[in-house]
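Start counting the sequence shown at 303; every next residue gets the next number (the numbering used here).
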Amino acid sequence: MTLSNPEVTLDVGTHVIRIHLPTVMEDYFDLPLLANFWPLLRFRSSAHTVLGRKKNDEKSEETGLSPSDEYMAYECLFDIWSAIFKFRISRYIIHLGSGFTIFGALLAGFYAAIFV
Numbered sequence: 303m304t305l306s307n308p309e310v311t312l313d314v315g316t317h318v319i320r321i322h323l324p325t326v327m328e329d330y331f332d333l334p335l336l337a338n339f340w341p342l343l344r345f346r347s348s349a350h351t352v353l354g355r356k357k358n359d360e361k362s363e364e365t366g367l368s369p370s371d372e373y374m375a376y377e378c379l380f381d382i383w384s385a386i387f388k389f390r391i392s393r394y395i396i397h398l399g400s401g402f403t404i405f406g407a408l409l410a411g412f413y414a415a416i417f418v
């Protein structure tokens, strides 16, 4: 028995995309970032166009959701994955900054030991 994250199916007009839904903090690191965030970013305008042109009372055959529910699901997933993207980029920047700080402290220590 293996655990897996649920996939949310979204109709973007030309085709259907499947996006993983992160459930715990460890998913921020485990789930593939670009495989989930890139389709949401790339097909955002086409999804808005398709969902805006559908009638509110008809449900999608692929997702089983009404256009308003599907729009909210799309926007929620986009917000979640953009926050994860910012979180991971911020962690890389923090690691880079701490590396510069540690390197500067070591360099200052070596300079003081050799030249002072």
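Beta carbons are placed, not taken as given, at the ideal position from N, Cα and C, and that holds for glycine.
Taking the straight line between their C-alpha atoms, what separation do you get for Glu309 and Gly406? 45 Å
In the region 321–394, which residue ranges form an unbroken beta strand (DSSP E) of at least 3 residues, counting only runs that do not cross its ends? Counting only unbroken stretches of 3 or more residues, no beta strand (DSSP E) element lies wholly within the region 321–394.
Pick helix, strand or coil for Thr316, following the three-state DSSP scheme. Three-state DSSP puts Thr316 in coil, outside helix and strand.
Nearer than 7 Å: is that true of the beta carbon of Val310 relative to any heavy atom of the ligand ATP? This structure simply doesn't include the ligand ATP, nor any ligand for that matter.
Val310 - partner residues in DSSP beta bridges: Paired residue(s): Ile321.
Three-state secondary structure (DSSP) at Leu305? DSSP, read as helix, strand or coil, puts Leu305 in coil.
Which value, in whole angstroms, describes the spacing of the CA atoms of Val318 and Tyr394? 32 Å
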